[in-house]
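There are 2 protein chains.
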Amino acid sequence: MIDADNVYLSENKVSNRDKLLTLSTNLKVAIVGATGAVGKTLLELFDERNFDYGQIWLIASSRSAGQIIHHRGVNHQVYDLETFDFRGVDLVFSSAGTATSKNWGRRIAAQGPVVIDNTNAFRMEPDVGLIVPQVNSNQVLHKLKSRIIANPNCTTIPMVRALQPVHQEYSLNKLVISTYQAASGGGIAGLEQFTSGSQLVLDNPEAIPEAGRFQAPLPFNLIPRIDALLDSGFTLEEQKIAQESRKIMGLPKLNVTATAVRVPVMNCHSQAIYFECDSRLDYSRLTTILDDTGGIILYRGIGEAEGYPTPRGVSGSDHVHVGRVRIDPDNDRAGWMWVVSDNLRVGAALNAIQIAEDLIQSESSVLCASAY
Amino acid sequence: MIDADNVYLSENKVSNRDKLLTLSTNLKVAIVGATGAVGKTLLELFDERNFDYGQIWLIASSRSAGQIIHHRGVNHQVYDLETFDFRGVDLVFSSAGTATSKNWGRRIAAQGPVVIDNTNAFRMEPDVGLIVPQVNSNQVLHKLKSRIIANPNCTTIPMVRALQPVHQEYSLNKLVISTYQAASGGGIAGLEQFTSGSQLVLDNPEAIPEAGRFQAPLPFNLIPRIDALLDSGFTLEEQKIAQESRKIMGLPKLNVTATAVRVPVMNCHSQAIYFECDSRLDYSRLTTILDDTGGIILYRGIGEAEGYPTPRGVSGSDHVHVGRVRIDPDNDRAGWMWVVSDNLRVGAALNAIQIAEDLIQSESSVLCASAY
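Here the protein sequences line up with chains A and B, keeping their order.
228 is the number that the numbering used here gives to position 228 of the first sequence; each next residue is one higher, with no gaps.
Here the numbering used here runs 372 ahead of the position in the second sequence, where the first position is 1.
Structure follows, in structure tokens:
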């Protein structure tokens, strides 16, 4: 069913290249949270992907305002979110935390820009699209009346990218997921606390580093709690994984349950995914469809390099890395996979840019009032 | 059904204290693998538990033979396994690796001692008991004609200890487990490689430490492969978890499936356990029965100390630490728990000593031909 007010992107109707270039070279872009881990990764990805813009503003909280960030040969002053005027901006990438987005997101969108929001502020709002371009790009413009598109959680994105081809072939009915999430999910400050705390413990094994951005000291430890603890006994992170994957895959009744754990790794989130399907799995077919899915690197060897992905091995990569694919010997409708991806890239900045690229390429682009 | 040749320990028939003391002060004990991580932990636990013996021999491979180990005021020379005569020894704790046990275990037992073997050599042998005293102590003497008792895998032991009370109340039918296993599982050498490799990476983030005892470099990394990779696509570690838990709990048809991951933590194995039962779970009842189980510490608070166990928090403890207990909102017959325990103690040396204590306390002790 297509609502009357929806405009769908068709993958078969890519706009012509000239129009795309015109649009993007005139595009007026802002990054809210530009001094954070995801903001910095966005700027790196702008260069790597030749993401063109006509003008850019880097914005942060008043604490970071006034800093200078060098990008594409220009020294950009960081503006204060409190006083910035978003009128005339086409596209805002926002990743300054859920509280900031809740406070500012709709106000910014009301001034004109489309906001691609990387926080938990709007993901489950009925009028906001929750988009992973490889999975539900046809919904990019769905409900865009809010002018906000939500970027899913850093764990949800690679998970649905790896599971969508499995679902299309075998019809998923249940997911049991355990995550292994890196320190960089706690931002630049979290990563620095983790690194200095690790040195502290190596110097003195009895030392207790500060918890800092995390719920407990992370160095050489595991923290089985990410984000708030809910009345259900699940954490908000675990609830996000369940709710978001259902919304993105369009499977409101999919049984998804997770345990989310912070691990003493610098970058890249990993997850052990157990999946049950309606139909019987065939190993050869299962690995073939994963191997044929764009953006996925499949590991099926035995040795260290080709046997399975590891977080240190894939940091900086823009792919979803899938290994340890196997079928449960007790239940041929169930299997496992081990998925690793760069949480700052695949799980955040890259997905946001890919949403933006879809918007720019859409024939009926809702962006760029200013560019026309 | 009790086989004619079985002698069962009855928990209601504890031997009288005098006999116990006489037995243990005359007990002739040997530790094979005395210079390893589990061997050293055994000696610590002998002291902490006042485990009495009349005489002790410390034994290792020829590489470590000749070393001196100080214990209870005595300097013990380490003997060479190749040339040691086990006649007259009552009880052998063996943890010198699966290959060594396969080569020596039955030969040692044939010389008279009961062997409590901590490796994978004999666990699934039909004539060998696989014992977790808190779960199946009534089988300690079952099939002891082999004179070998196997100590289960370091992950299996805390898992079945935490799940047995759940099974007794709700009848388990399915387990989906993801493990987070510490470096000390790779022995003293593995732990040292991990620690020095971690310093290498802190000094130079691009450094690639040696894999050493593990399948890949562990510092600040995750290795989703422990032990050999089988044709099924599962690792031997994952197969052990499934097979051993079925044998210990006496549930040959229980659906158990696991992903086992080595994590950059020094000591204590953790696991996220998803369990499905035949009957509906009640949170209050579930936590009460766990809380009432001896040897389990249950966490049900919210804060850092009381909210959940962490590996750094419980290292050195002789308890099974259980937290994050919750019921799946989509399926009230299913739930999760997060289990952490000291893999060298609870997962190895402590379980072996508890088996020995059961043997010593048995009225019809099969130990100590020499003590009578």
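By construction, the Cβ of each residue, glycine as well, lies at the ideal position given by its N, Cα and C atoms.
Spatial neighbours of residue i in its chain, beta-carbon cut-off 6 angstroms, leaving aside the 5 residues before and after
{"i": "Lys546 (chain B)", "result": "Asn627 and Glu648"}
{"i": "Leu21 (chain A)", "result": "Note that Leu21 (chain A) has pLDDT 43, beneath the 50 cutoff, so the model's placement of it is unreliable and no number is given."}
{"i": "Tyr53 (chain A)", "result": "Leu27 and Val29"}
{"i": "Asp650 (chain B)", "result": "Ser543 and Asn545"}
{"i": "Glu169 (chain A)", "result": "Ile289"}
{"i": "Asp318 (chain A)", "result": "Arg345 and Leu350"}
{"i": "Ile428 (chain B)", "result": "Val401"}
{"i": "Tyr274 (chain A)", "result": "Val176 and Trp336"}
{"i": "His448 (chain B)", "result": "Leu430 and Ile441"}
{"i": "Asn508 (chain B)", "result": "Ile620"}
7 angstroms Cβ shell around residue i - same chain, five flanking residues per side excluded
{"i": "Glu443 (chain B)", "result": "First, the residue type needs correcting, since residue 443 (chain B) is His and not Glu in the sequence shown. Only Leu415 meet the Cβ criterion."}
{"i": "Cys375 (chain A)", "result": "Only positions 1 to 372 of chain A appear in this structure, which leaves residue 375 (chain A) out of reach."}
{"i": "Ala588 (chain B)", "result": "Ile595"}
{"i": "Gln483 (chain B)", "result": "Phe458 and Arg459"}
{"i": "Pro165 (chain A)", "result": "Ile289, Leu290 and Thr293"}
{"i": "Val504 (chain B)", "result": "Pro524, Ile529, Val532, Arg533, Ile620 and Asn723"}
{"i": "Ser349 (chain A)", "result": "According to the sequence provided, residue 349 (chain A) is Ala. The question's Ser does not apply to it. Hits under 7 angstroms: Val38, Thr41, Leu42 and Leu45."}
{"i": "Thr659 (chain B)", "result": "Leu670, Arg672 and Val697"}
{"i": "Asp700 (chain B)", "result": "Ala706 and Gly707"}
{"i": "Ala477 (chain B)", "result": "It should be noted that the sequence gives Gly, not Ala, for residue 477 (chain B). Counting only Cβ-Cβ distances below 7 angstroms, and skipping sequence neighbours, we find Ser466, Val487, Asp489, Ala493, Phe494 and Ile520."}
{"i": "Ala437 (chain B)", "result": "Val450, Tyr451 and Asp452"}
{"i": "Leu236 (chain A)", "result": "Asp227, Ala228 and Leu230"}
{"i": "Arg479 (chain B)", "result": "none"}
{"i": "Glu82 (chain A)", "result": "Ser62"}
Under 7 angstroms between C-beta atoms of residue i and residue j
{"i": "Ala37 (chain A)", "j": "Leu344 (chain A)", "result": "yes"}
{"i": "Ala60 (chain A)", "j": "Val89 (chain A)", "result": "no"}
{"i": "Ala207 (chain A)", "j": "Leu200 (chain A)", "result": "yes"}
{"i": "Ala162 (chain A)", "j": "Val320 (chain A)", "result": "yes"}
{"i": "Leu594 (chain B)", "j": "Val633 (chain B)", "result": "yes"}
{"i": "Pro152 (chain A)", "j": "Val346 (chain A)", "result": "no"}
{"i": "Gly301 (chain A)", "j": "Gly294 (chain A)", "result": "no"}
{"i": "Arg696 (chain B)", "j": "Trp710 (chain B)", "result": "yes"}
{"i": "Ala96 (chain A)", "j": "Leu58 (chain A)", "result": "no"}
{"i": "Gly186 (chain A)", "j": "Phe214 (chain A)", "result": "yes"}
{"i": "Val486 (chain B)", "j": "Leu463 (chain B)", "result": "yes"}
{"i": "Asn120 (chain A)", "j": "Thr98 (chain A)", "result": "yes"}
{"i": "Arg519 (chain B)", "j": "Ala481 (chain B)", "result": "yes"}
{"i": "Asp452 (chain B)", "j": "Ser473 (chain B)", "result": "no"}
{"i": "Tyr180 (chain A)", "j": "Ser245 (chain A)", "result": "no"}
{"i": "Ser178 (chain A)", "j": "Ser550 (chain B)", "result": "yes"}
Integer Cβ distance of residue i from residue j, believed to fall under 8 angstroms
{"i": "Leu281 (chain A)", "j": "Arg333 (chain A)", "result": "6 angstroms"}
{"i": "Ala630 (chain B)", "j": "Ala614 (chain B)", "result": "6 angstroms"}
{"i": "Leu563 (chain B)", "j": "Ser570 (chain B)", "result": "Incorrect: roughly 11 angstroms between the Cβ atoms, too far for contact."}
{"i": "Ile353 (chain A)", "j": "Phe51 (chain A)", "result": "6 angstroms"}
{"i": "Val694 (chain B)", "j": "Ile727 (chain B)", "result": "The pair is not a contact, with the Cβ atoms about 22 angstroms apart (cut-off 8 angstroms)."}
Buried versus exposed call for residue i [16 or more other C-beta atoms within 10 Å across all chains shown]
{"i": "Asn16 (chain A)", "result": "The predicted position of Asn16 (chain A) is uncertain, since its pLDDT is 39 and thus under 50; a value taken from the coordinates is nonetheless stated next. Exposed, by the Cβ-count rule."}
{"i": "Gly335 (chain A)", "result": "buried"}
{"i": "Phe93 (chain A)", "result": "buried"}
{"i": "Pro209 (chain A)", "result": "buried"}
{"i": "Thr527 (chain B)", "result": "buried"}
{"i": "Glu610 (chain B)", "result": "buried"}
{"i": "Leu230 (chain A)", "result": "exposed"}
{"i": "Val446 (chain B)", "result": "exposed"}
{"i": "Gly411 (chain B)", "result": "buried"}
{"i": "Glu48 (chain A)", "result": "exposed"}
{"i": "Gln361 (chain A)", "result": "buried"}
{"i": "Pro577 (chain B)", "result": "exposed"}
{"i": "Asp730 (chain B)", "result": "buried"}
{"i": "Lys612 (chain B)", "result": "buried"}
{"i": "Ser232 (chain A)", "result": "exposed"}
{"i": "Gln326 (chain B)", "result": "In the structure as shown, chain B starts at 373 and stops at 744, and residue 326 (chain B) therefore has no counterpart that could be examined."}
Same chain, Cβ closer than 8 angstroms to residue i, five either side skipped, listed in chain order
{"i": "Tyr655 (chain B)", "result": "Val697, Arg698 and Ile699"}
{"i": "Met496 (chain B)", "result": "Leu502, Gln615, Glu616 and Lys619"}
Closer than 7 angstroms to chain D by CB, residue i
{"i": "Phe234 (chain A)", "result": "As a matter of chain content, chain D is missing from the structure shown, whose protein chains are A and B."}
Report task. Would you mind listing the beta strand (DSSP E) stretches within the region 541-567 of chain B that are 3+ residues and don't spill past its ends, in chain order? Result -> 544-552
Query raised in the report: Which full runs of the beta strand (DSSP E) of 3+ residues lie inside the region 309-341 of chain A, going along the chain?
Result: Entirely contained in the region 309-341 of chain A, the beta strand (DSSP E) runs reaching 3 residues are, in chain order, 320-327 and 334-341.
Query raised in the report: Hey, which unbroken runs of the alpha helix (DSSP H) at 4 residues or more fall wholly within the region 259-300 of chain A?
Result: 283-291
Report task. Counting only runs of 3+ residues fully inside the region 68-137 of chain A, write out the beta strand (DSSP E) ranges in chain order. Result -> 68-71, 74-80, 91-94 and 114-117
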